[in-house]
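*Asks:* Take 9 as the starting number for the sequence shown in our numbering and just add one per residue. Think of the CB as a built atom: it goes at the ideal place given N, C-alpha and C, for glycine as much as any other residue. Okay, handing you the structure first.
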Amino acid sequence: MSTDFSIRPVGIPAPVQIITTSNAAANEAVQTDLPVSQTVAASNTSAAARNDLQSTSDSVSRQVVFNQPAASFVFQVVNERTDAVVDQFPDEAMLRRRAYFHALDMKSEPPRPLSTDRSA
9 MSTDFSIRPV
19 GIPAPVQIIT
29 TSNAAANEAV
39 QTDLPVSQTV
49 AASNTSAAAR
59 NDLQSTSDSV
69 SRQVVFNQPA
79 ASFVFQVVNE
89 RTDAVVDQFP
99 DEAMLRRRAY
109 FHALDMKSEP
119 PRPLSTDRSA
């Protein structure tokens, strides 16, 4: 491969035509100012959205388990009162997929002989 690499323009640049727009449409447009009785304003009565677990942090615990069929670790957020899994990574579909491919890998590998002799 050559070390003298350079980029050169090919041909001449094409002229660009500048198109001007008419302001006639903007001048003839209907006014959008409405009387106060017909206006709509955003209300500020909604509560701010939160993206944290502050309110439920006392009732959840975080744990890590090893899923043997999938041969991978699973990170879970568990409700302490009901022992229900609130959130987990990876999700169930991913674990099933990993378990399937792990089982295929185990079938394709030749079985290893069990050796009890440790002197070698």
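#1: Quick one: give me the first and last residue of the alpha helix (DSSP H) that residue 69 is part of.
#2: Three or more C-beta pairs under 8 Å: does that hold for the segment 39–49 against the segment 72–89?
#3: Could you give the first and the last residue of the continuous alpha helix (DSSP H) run that contains residue 95?
#4: Could you check the C-alpha separation between residue 113 and residue 92 for me, to the nearest Å?
#5: Rounding to the nearest angstrom, what Cα-Cα distance links residue 80 and residue 118 in this structure?
*Replies:* From the atom records:
#1: Segment 68–75 is the beta strand (DSSP E) holding residue 69; no alpha helix (DSSP H) there.
#2: Counting Cβ pairs under 8 Å, fewer than three are found: no touch.
#3: Per DSSP, residue 95 belongs to no alpha helix (DSSP H); it is in the beta strand (DSSP E), 93–97.
#4: Straight-line spacing of the CA atoms in residue 113 and residue 92 works out to 32 Å.
#5: Residue 80 and residue 118 have their C-alpha atoms roughly 22 Å apart.
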